[in-house]
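Engineer:
Residue numbers (my numbering): 7 to 284.
#1: Residue 130: buried (16+ other C-beta within 10 angstroms of its C-beta) or exposed?
#2: Counting beta carbon pairs with one atom in the stretch 74 to 88 and one in the stretch 18 to 34, are three or more of them shorter than 8 Å?
#3: Using the Cβ count rule (16 or more neighbours within 10 Å means buried), how would you classify residue 120?
#4: Going straight from the alpha carbon of residue 136 to that of residue 93, what length do you get?
#5: Excluding the 5 residues preceding and the 5 following residue 225 in the sequence, name in chain order all residues of the same chain whose CB lies nearer than 7 Å to its CB.
#6: By the DSSP assignment, the alpha helix (DSSP H) with residue 74 in it spans what residues?
#7: Using CA coordinates, which residue listed in 144, 161, 125 and 12 is at the minimum distance from residue 66?
#8: Hey, how far is the Cα of residue 101 from the Cα of residue 124?
#9: Does the stretch 142 to 158 come close enough to the stretch 52 to 65 that 3 or more CB-CB pairs lie under 8 Å?
#10: Short of 8 Å in beta carbon distance, which residues of its chain neighbour residue 60, apart from the five on each side in sequence? Order them along the chain.
#11: Closest by CA to residue 206, which one among 97, 139 and 22?
#12: So, is residue 103 buried or exposed, given that buried needs 16 or more other C-beta atoms within 10 angstroms?
#13: Out of 106, 195, 142 and 39, which has the shortest C-alpha to C-alpha gap to residue 233?
#14: Please confirm whether residue 197 and residue 230 have their CB atoms less than 8 Å apart.
#15: Rounded to a whole number of angstroms, what is the C-alpha to C-alpha distance between residue 20 and residue 221?
#16: Below 8 Å on the Cβ atoms is my contact criterion, and I expect residue 105 with residue 39 to pass it. Report the Cβ-Cβ distance as a whole number of Å.
#17: To the nearest angstrom, report how far apart residue 47 and residue 178 are at their CA atoms.
#18: Among 24, 42, 25 and 26, which residue has its Cα nearest to the Cα of residue 14?
#19: Looking only at DSSP bridge pairs, what is residue 105 linked to?
#20: Applying the 10 Å Cβ sphere with the 16-neighbour rule, what's the burial state of residue 132?
#21: Does residue 97 come out as helix, strand or coil in the three-state DSSP assignment?
#22: DSSP three-state label for residue 194, please.
#23: Just how far apart, CA to CA, sit residue 22 and residue 228?
#24: Would you tell me roughly how many angstroms separate the C-alpha atoms of residue 98 and residue 26, rounded to the nearest one?
#25: Cα-Cα, which of 24, 96, 9 and 95 is closest to residue 223?
#26: Roughly how many angstroms lie between the CA atoms of residue 5 and residue 156, to the nearest whole one?
#27: Can you tell me where the alpha helix (DSSP H) with residue 18 in it begins and where it stops?
#28: Looking at residue 122 and residue 50, is the spacing between their C-beta atoms short of 8 Å?
Here's what the structure looks like:
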């Protein structure tokens with residue numbers, strides 16, 4: 007999920023330019039399609055990652071022994087790969103829906119736009135993609151609400167039977183994890199709900215709904231990037247394990263850089279010694 011949130015920002019320069027100067031679009035047809043496809047893929051990927059994390063937490067809290075034996079690193083890597091493949095494949099139709107077009111009878115260098123292709127929209131592809139992304143959004147939300155209801159019921163039942171320091175520590179860890187995931191899900195819903203509402207309105211073909219959808223599109227684009235940036239902050243603030251993992255990663259990179267510097271310094275010294283000898 008961290009990777010998908012990071013990749014989303016690759017399309018930020020193009021979107022900022024479109025806000026500043028909508029026409030003409032100067033980045034070309036390839037970057038137009040690539041930006042839309044990448045955003046769609048990362049959107050699906052983030053949704054599936056949040057859902058998968060919640061399923062993992064459900065098994066870890068409600069069935070800890072079974073989860074420890076079932077959820078292995080190898081299977082986790084396989085699931086992550088499957089999520090990326092599934093997201094990339096289901097986002098492919100949007101490549102045929104968007105592109106660079108200009109108004110008939112106008113100069114392309116003055117009126118080029120990165121927008122939906124009218125011929126593809128008339129074929130029904132626009133409406134199909136709108137409903138597909140809507141299902142990608144609302145079905146996981148229903149799943150998450152159900153999972154968190156079951157997790158909260160489990161924690162409420164076990165809280166009355168806790169005894170000893172270790173049991174209390176374990177329960178605090180579970181509660182912290184549930185709180186972190188719940189906040190991430192709520193932030194996700196609030197940030198990306200306008201995007202899907204705007205798509206549904208836009209796909210209806212009505213002139214009035216089209217005008218309304220444009221306001222949703224502007225708000226959703228801002229919230230889209232805000233949602234991608236807020237997830238790491240929430241993880242860092244609410245999860246001690248996440249903070250430790252980040253520190254470990256940064257320390258590893260720092261140690262790697264220091265080793266490279268020491269090696270390059272050693273090579274320089276050896277070069278000086280050889281040149282002095284010659």
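Ideal Cβ placement from N, Cα and C applies to all residues, glycine included.
Structural biologist: The short version:
#1: exposed
#2: Contact between the stretch 18 to 34 and the stretch 74 to 88 is absent, because fewer than three Cβ pairs lie under 8 Å.
#3: So residue 120 ends up on the buried side.
#4: Cα-Cα distance, rounded: 15 Å.
#5: 200
#6: Run containing residue 74: 70 to 76, per the alpha helix (DSSP H) assignment.
#7: 161
#8: 13 Å
#9: yes
#10: 149, 150, 153, 154, 187 and 191
#11: 139
#12: buried
#13: 195
#14: Judged by their CB atoms, residue 197 and residue 230 are nearer to each other than the 8 Å cut-off.
#15: 19 Å
#16: 6 Å
#17: Cα-Cα distance, rounded: 35 Å.
#18: 42
#19: DSSP lists 121 as partners of residue 105.
#20: buried
#21: coil
#22: helix
#23: Taking the straight line from one Cα to the other gives about 10 Å.
#24: Each residue's Cα considered, the two are about 28 Å apart.
#25: 24
#26: Any property of residue 5 remains undetermined from this structure, which presents the chain solely from 7 to 284.
#27: 18 to 26
#28: no
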